[in-house]
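**Q**
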Amino acid sequence: MRLDKFLKVSRLVKRRTLAKEVCDQGRVTINGQVAKSSANVKIGDELIVRYGNKLVTVKVEKLLDTTKKDEAATLYTMIKEEYLPCDDREESQPSIW
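Numbering that gives the first Met the number 0 puts the sequence shown at residues 0 to 96.
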């Protein structure tokens with residue numbers, strides 16, 4: 000299954016076009032390798048998705064073409080969710096407004 004489709008079906012990302020953009024920005028890895036949206040996802044793969052200042056690590060458990068909202072979380076197992084430190088440079092610069 001394509002990575003962008005898995006992200007959408009699993010509800011890790013809300014829309015497939017947004018999933019494609021996230022992948023194209025290099026914010027998703029499969030088994031430690033930066034992945035494009037067209038990369039194949041297999042059962043057992045470990046995905047790391049970066050959302051702003053948060054990293055989510057999941058293991059792929061199932062591949063389905065469509066799911067209901069309450070079934071979506073069964074497609075993966077959450078391994079780790081960590082928050083990255085905020086960038087203090089933005090706060091330390093004087094505001095022009």
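Quick reminder that beta carbons are idealized off the backbone N, C-alpha and C, glycines included.
Can you find at least 3 beta carbon pairs, one from the segment 29-43 and one from the segment 70-86, that sit closer than 8 Å?
**A** These segments do not touch.
**Q** Taking the beta strand (DSSP E) that Leu-46 belongs to, which residues open and close that run?
**A** Counting from 1 along the sequence shown, the entry for residue 46 is found at position 47. First-last of the beta strand (DSSP E) with Leu-46: 45-50.
**Q** Give every residue of the same chain whose Cβ lies closer than 8 Å to the Cβ of Ala-111, excluding the five residues on either side of it in the sequence, and list them in chain order.
**A** Nothing can be reported for residue 111, as the shown portion of the chain is limited to 0 through 96.
**Q** Inspect the beta-carbon positions of Thr-66 and Val-12 and report whether they are closer than 7 Å.
**A** Numbered from its first residue, the sequence shown carries residue 66 at position 67. Numbered from its first residue, the sequence shown carries residue 12 at position 13. No.
**Q** In its own chain, which residues sit with a C-beta less than 6 Å from the C-beta of Lys-53, not counting the 5 before and 5 after it?
**A** As a first step, residue 53 must be located in the sequence shown, where it is residue number 54. So the list reads Tyr-82, once near-sequence residues are dropped.
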